[in-house]
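Asker: Below: one structure in structure tokens.
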């Protein structure tokens with residue numbers, strides 16, 4: 018269901034990931050395509066939302082199917098009183114201005130060592146920085162990530178303001194997807 022002004026309200030099942038890091042406790046949900054279609058972009062997108070009436074702000078991740086998924090941390094699940102496997106009511110509204118992304122330490126260090134790259138980085142848009150970080154963080158292996166950090170500095174240092182040839186939706190490259198859900202009763 019969609020509301021006026023770009024807001025979307027929908028119901029979704031809260032899923033548990035098949036792989037959870039040590040000590041981590043989180044869940045996720047997949048947005049219905051109709052809700053995702055109302056968002057301003059297919060890549061990472063920040064929303065203000067409510068989960069069973071409890072407010073949150075989060076950055077939605079692309080699922081590689083031209084939709085998005087939402088990571089629901091333990092604190093939000095606790096305050097909303099929901100468990101994995103339950104159906105929740107979600108309302109989302111894209112933020113009017115994308116917040117500045119957190120700079121990963123490896124990229125921060127690399128930019129500090131290359132003033133020309135840092136100057137171009139500082140002169141780009143917030144969405145361009147979101148895409149650069151997303152490209153780096155989407156690497157599956159540490160070696161690939163390091164290569165991307167190095168390439169980012171080279172490209173930025175050469176004046177390139179946007180990451181080239183990166184599909185932030187994951188649809189064309191098939192490089193991005195929602196987490197695999199743990200086996201649960203459907």
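In this note's numbering, the protein residues as written are 18 to 203. The beta carbon of each residue, even a glycine, is placed where N, CA and C say it ideally should be.
1. Tell me the start and end of each unbroken alpha helix (DSSP H) in the stretch 139 to 182 that is at least 4 residues and wholly inside, in chain order.
2. In angstroms, rounded to a whole number, what distance separates the CA positions of residue 166 and residue 153?
3. Hey, how far is the Cα of residue 189 from the Cα of residue 81?
4. Under 7 angstroms Cβ to Cβ from residue 203, same chain only, skipping five residues before and after it: list those, please.
5. Exposed or buried, what is residue 175 when buried is set at 16 or more other beta-carbons lying within 10 Å of its beta-carbon?
6. Report yes if the C-beta distance between residue 117 and residue 143 is below 7 angstroms; otherwise report no.
7. DSSP state of residue 96, grouped into three classes?
8. Whose C-beta lies closer than 8 angstroms to the C-beta of residue 162 among residues of the same chain, with five residues either side of it excluded?
9. Assuming residue 30 and residue 66 make a contact with CB atoms under 8 angstroms, what is their CB distance in whole Å?
10. Three-state secondary structure (DSSP) at residue 110?
Answerer: Well, looking at it:
1. 143 to 154, 159 to 174
2. 6 angstroms
3. 8 angstroms
4. Bear in mind that the predicted position of residue 203 carries a pLDDT of just 43, short of 50, making it too unreliable to give a figure here.
5. exposed
6. yes
7. helix
8. 123, 153, 154, 156
9. With a Cβ gap of about 16 angstroms, residue 30 and residue 66 do not count as contacting.
10. strand
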